[in-house]
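The letter at position 123 of the sequence shown is residue 123 when you use the UniProt record's numbering, and the numbering goes up by one with no holes.
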Amino acid sequence: MVKGGRSCKPDVVTYNSLIHGFFVEGDVALARMMFEEMVSECIAPNVVTFNILIDGFCKNGDVIEAQKLFEEMYDRGIAANLVTYSSLIDGLCSHGDTDSALRMFDEIVAKGLLPNVITYTILIHSLCYQGKVHSALNMFKEMIAKGVLPNGHTCNALILGFCQDSDIDKAFEVYKEYINCGLEADVYIYTTLIDASCRKGTFLRATNLFQEMIERGVMPDVATYNCLIHGLSSIGEWSHAIGIFRKMTSQGISPDVVTFTALIGCLCKHGVTCEAEKLVSLMEKSGKKPNLITYTVTHPYYMVMFWEVVLTKQLSFLIPCLKKALSRINVVTVC
């Protein structure tokens, strides 16, 4: 390096920046080479250097190399901090080794370090992923007891874990505890709970929660509306589902192919062909491309429309009806 006509020797900060940059670019080999070069130049790496390396190798799936660096760090007399441990815990969890991650968590506590919300969330997410939701719940309660407030990611991981375990009541308990901490649930938490309630068939709970989120100033997104519409459609509550659909569009939220498919399928099944026709037209006008599922649910609609024409002897409408059906079916099948 040259500055003002004189050579400027890189220091630990320079190397740390380079190593981090190479990891960001996905060039693990060059990152490692930079580390080896700094050591050969007798520039002592610090805790930041090792944190960058451990995090970089963990994110690239090489937990074994990260553990070797952790040991080297210890051999050099460099004390690991919470960032070091959190990175390694994340790497171990991503590798499916939650037991080793929990042992490392215990090591944090033994050394007098206070785990933060990131550390707890990583472990809670990993435990839920492995189906150990009750262990995750204990950790959730522990963090609150120690004054570490959960965030939306923590809460949603646990709620999703209980929903996948078919324990909706526990999921709602977590939600209430989160709210009691003075925290605001986000759209993801509400959507997860609404979806689980609809799947369980507790639609009153789902609609009450939907109203609650709006009252709390959390605006539903397309996924939230789709959960409600799909749930109501599945039990034949097409008029209620249409009402939710209209509310959705009035809020400026654009329905997607999932929204249209659920509604059209429900209307076709219950013979509400007039409303189904309107939605099919609206879907086409909005530029939403139907998929195979849309075709499957709309096919009975066209059969109903065809037989209505035949049975009522409105034969003048027969050819236009068939042309319309075939043109739409062709559009669907090529997609």
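Note that beta-carbon positions come from the ideal geometry of N, C-alpha and C, so glycine has one too. The model shown is predicted, which means the values in this text are computed figures rather than measured ones.
Report all residues from its chain with a CB closer than 8 Å to the CB of residue i; omit the five preceding and five following residues, and keep chain order.
i	result
Thr249	Pro255
Phe210	Tyr190, Ile194, Pro220, Thr224 and Leu228
Glu37	Tyr15
Ile235	Gly201 and Phe203
Tyr175	Cys155, Ile159, Ala185, Ile189 and Leu193
Count the other CB atoms, across all protein chains shown, that sit within 10 Å of the CB of residue i; report buried if there are 16 or more and exposed otherwise.
i	result
Asn156	buried
Cys181	exposed
Arg246	exposed
Ile264	buried
Asp55	buried
Val258	buried
Tyr301	Note that Tyr301 scores 48 on pLDDT, short of 50, meaning its location in the model is unreliable; the coordinates nonetheless yield the value given after this. It counts as buried.
Val133	buried
Tyr120	buried
Val63	buried
Val297	Residue placement at Val297 cannot be trusted, given a pLDDT of 45 that sits under 50; what the coordinates show is reported in the next sentence. Classification for Val297: buried.
Starting from the Cα of residue i, find the closest Cα among the options and give me that residue.
i	options	result
Leu137	Lys111, Asp165, Gly112 and Leu114	Asp165
Thr154	Ser135, Ile244, Ala44 and Leu123	Leu123
Ala196	Glu212, Gly231, Val187 and Ile242	Gly231
Ala44	His20, Gly252, Lys68 and Gly77	Gly77
Tyr85	Tyr188, His20 and Asn51	Asn51
Gly287	Phe260, Thr207, Leu88 and Cys268	Phe260
Ala66	Cys268, Phe57 and Tyr74	Phe57
Cys128	His270, Arg103 and Phe162	Phe162
Cys42	Val28, Lys269 and Pro10	Pro10
Which residues in the same chain have their Cβ closer than 6 Å to the Cβ of residue i, if we skip the five residues on either side of it in sequence?
i	result
Val13	none
Thr49	Asn16
Glu107	none
Tell me the rounded alpha-carbon separation between residue i and residue j.
i	j	result
Val83	Glu215	38 Å
Glu173	Lys278	42 Å
Arg205	Ala241	16 Å
Asn151	Val117	7 Å
Val272	Ile244	17 Å
Ser281	Arg199	29 Å
Gly252	Leu53	46 Å
Thr88	Gly96	The residue you asked about is not Thr; residue 88 is Leu in the sequence shown. Straight-line Cα distance between these residues: approximately 12 Å.
Met139	Glu212	28 Å
Gln314	Ala276	At Gln314, the pLDDT of 44 sits below 50, so the modelled position is not reliable; the number obtained from the coordinates is stated separately. Spanning the two alpha carbons is a distance of roughly 20 Å.
Ile19	Leu102	29 Å
Ser126	Glu284	42 Å
Ala145	Glu177	12 Å
Phe105	Pro115	8 Å
Is the separation between the beta-carbon of residue i and that of residue j shorter than 8 Å?
i	j	result
Ala79	Phe70	no
Val148	Asp186	no
Trp238	Cys266	yes
Within its chain, find whatever has a CB closer than 7 Å to the CB of residue i; leave out the 5 residues flanking it on each side and keep chain order.
i	result
Met34	Tyr15, Leu18, Ile19 and Phe22
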